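S.K.: What follows is a structure written as structure tokens; I'll ask about it next.
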Amino acid sequence: MERENRTVVIEFIFQRFTSLPQLQILLFLVFLLSYLVILMGNLLIILLIKLNPSLHTPMYFFLLNLSFLEVCYTSSVVPQLLAHLLVEQKTITVVGCAAQMYVFTILGLTECCLLAAMAYDRYIAICNPLHYRTIMSGRVCAQLVAASWTIGILVEVVQITWIFSLPFCGSNRIHHFFCDIPPVVKMACTDTSKNEIVVLTVSVLFIMGPFLLITVSYICIISTILKLPSAEGRSKAFSTCSSHLMVVTLFYGTALFTYLRPKSISTPESDQMISLMYIVVTPVLNPIIYTLRNKKVKGAFRKTIEKSHTTTLGDGS
């Protein structure tokens with residue numbers, strides 16, 4: 655009888671992003687501007703790398719893939735958030751929620767692995783420069799990117815399929831603004847302790863695992879840099895990996911805090927604020943970090959503009 659009295663959930667309702675309705679339009683404009691910056695910044699990086707042969711190196715090959723991931727990653731959440739800021743009923747079907755979670759988690763885990771591959775690239779470039787071209791060949795770079803995607807897809811397809819095999823009944827109100835793993839698991843009307851253990855295990859293995867590889871790589875990198883005889887050499891070596899280090903710090907800082915923090919300090923409001931950090935704030939900062947702090951990218955941008963201007967003048971004449 656208890657099972658019969660339960661209402662099977664076919665759609666979820668998201669919580670209002672803010673309790674102040676008058677802020678909805680302002681938030682819409684802020685997030686829309688942020689999303690446009692993310693799209694234009696990352697697409698600009700992809701375009702510059704494609705058009706400039708001087709950027710056809712392993713480092714920028716990984717950066718191109720990172721920019722592509724960032725565009726897809728934010729696009730899996732932000733357009734829906736923008737739409738829901740303009741409507742009263744913020745709903746999503748269970749199938750739509752599953753699709754969003756598949757895309758979001760696959761891209762997120764792939765990015766974790768890709769950041770580790772980028773750290774390995776910087777480690778070889780600084781700690782073993784004489785063999786860099788041999789070790790980081792085009793084939794090896796492609797294999798590292800393919801491995802990142804394979805891990806992301808395999809791990810998250812299994813995990814998310816298991817989560818959505820749970821029964822969802824009773825209340826269908828999600829205390830979040832998108833279908834993230836922790837709030838959706840809380841909606842299940844059954845014992846979810848095993849699922850929570852699996853989520854924690856995946857987080858430790860596939861978020862902490864790449865993070866530890868990055869940490870070890872940078873310990874070796876910093877140790878090598880400090881041994882360089884000249885201050886100019888140390889500054890130049892560090893500048894080649896400083897942008898990546900800043901991006902890793904931003905990405906992993908929020909990801910680790912989100913998925914590994916104790917339940918006792920977790921509230922729906924804090925979950926939303928932290929999610930905004932890695933869905934909107936970090937992707938906005940990444941293109942800025944890689945363009946403003948990277949002389950090669952800035953040089954490629956100037957060359958592309960000059961070439962475009964010259965071509966335009968030539969066509970006009």
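Heads up, the sequence shown stops at 971 in the working numbering, and the numbers go up one at a time, no gaps. No residue lacks a Cβ here, since even glycine has one placed at the ideal position from N, Cα and C. Every value quoted in this text rests on a predicted model; they were computed, and no experiment measured them.
1. Identify whether residue 670 lies in helix, strand or coil by the three-state DSSP scheme.
2. Can you give me the C-alpha to C-alpha distance between residue 678 and residue 828, rounded to a whole angstrom?
3. Given a threshold of 16 other Cβ atoms within 10 Å of its Cβ, counted over all protein chains shown, does residue 798 qualify as buried or as exposed?
4. Distance check for residue 824 and residue 794, CA to CA, integer angstroms please.
5. Whose C-beta lies closer than 7 Å to the C-beta of residue 696 among residues of the same chain, with five residues either side of it excluded?
6. Give the DSSP-derived three-state secondary structure of residue 765 in the structure shown.
7. Helix, strand or coil, according to DSSP, for residue 788 in the structure here?
8. Would you check if there are 3 or more beta carbon pairs closer than 8 Å linking the stretch 685-705 to the stretch 849-860?
9. Within the stretch 695-768, note down every full beta strand (DSSP E) run reaching 3 residues or more, in order along the chain.
10. What are the start and end residues of each continuous alpha helix (DSSP H) run of 4 or more residues lying completely inside the stretch 795-880, in chain order?
11. Looking at residue 775 and residue 862, is the spacing between their C-beta atoms short of 7 Å?
12. Taking 8 Å as the threshold, find out whether the stretch 756-776 comes into contact with the stretch 697-717 through three or more Cβ pairs.
13. Report the three-state DSSP secondary structure of residue 662 (helix, strand or coil).
14. Within 10 angstroms of its Cβ, does residue 841 collect 16 or more other Cβ (buried), or is it exposed?
15. Among the residues of its own chain, which have a CB less than 6 Å from the CB of residue 689, if the five just before and after it don't count?
16. Assess contact between the stretch 749-757 and the stretch 954-961, defined as three or more Cβ pairs (one per stretch) separated by less than 8 Å. Is contact present?
17. If you draw a straight line from the C-alpha of residue 894 to the C-alpha of residue 949, how long is it?
M.R.: Taking the geometry as given:
1. The residue labelled residue 670 in the question sits at position 16 within the sequence shown. The answer is coil: DSSP assigns residue 670 none of H, G, I, E or B.
2. By one-based count along the sequence shown, residue 678 stands at place 24. By one-based count along the sequence shown, residue 828 stands at place 174. Using only the alpha carbons, I get a separation of about 18 Å.
3. If you number the sequence shown from 1, residue 798 lands on position 144. When all chains shown are included, residue 798 counts as buried.
4. Your numbering for residue 794 matches position 140 in the sequence shown. Your numbering for residue 824 matches position 170 in the sequence shown. About 50 Å.
5. Translated into the one-based positions of the sequence shown, residue 696 becomes position 42. Correct list, in chain order: 721, 724, 725 and 941.
6. Numbered from its first residue, the sequence shown carries residue 765 at position 111. Of the three classes helix, strand and coil, the one that applies to residue 765 here is helix, per DSSP.
7. Residue 788 sits at position 134 when you count from the first residue of the sequence shown. Correct three-state label for residue 788: helix.
8. no
9. 745-747
10. 835-839, 847-857 and 863-880
11. By 1-based counting over the sequence shown, the position of residue 862 is 208. By 1-based counting over the sequence shown, the position of residue 775 is 121. It is not a contact, given that the beta carbons lie outside the stated cut-off.
12. yes
13. Along the sequence shown, read from residue 1 onward, the residue named residue 662 stands at position 8. In this structure, residue 662 counts as strand in the three-state DSSP scheme.
14. By one-based count along the sequence shown, residue 841 stands at place 187. When all chains shown are included, residue 841 counts as buried.
15. Within the sequence shown, the letter at position 35 stands for residue 689. Here the set comprises 732.
16. no
17. To locate residue 894, count along the sequence shown from 1; it is residue 240. To locate residue 949, count along the sequence shown from 1; it is residue 295. Each residue's Cα considered, the two are about 10 Å apart.
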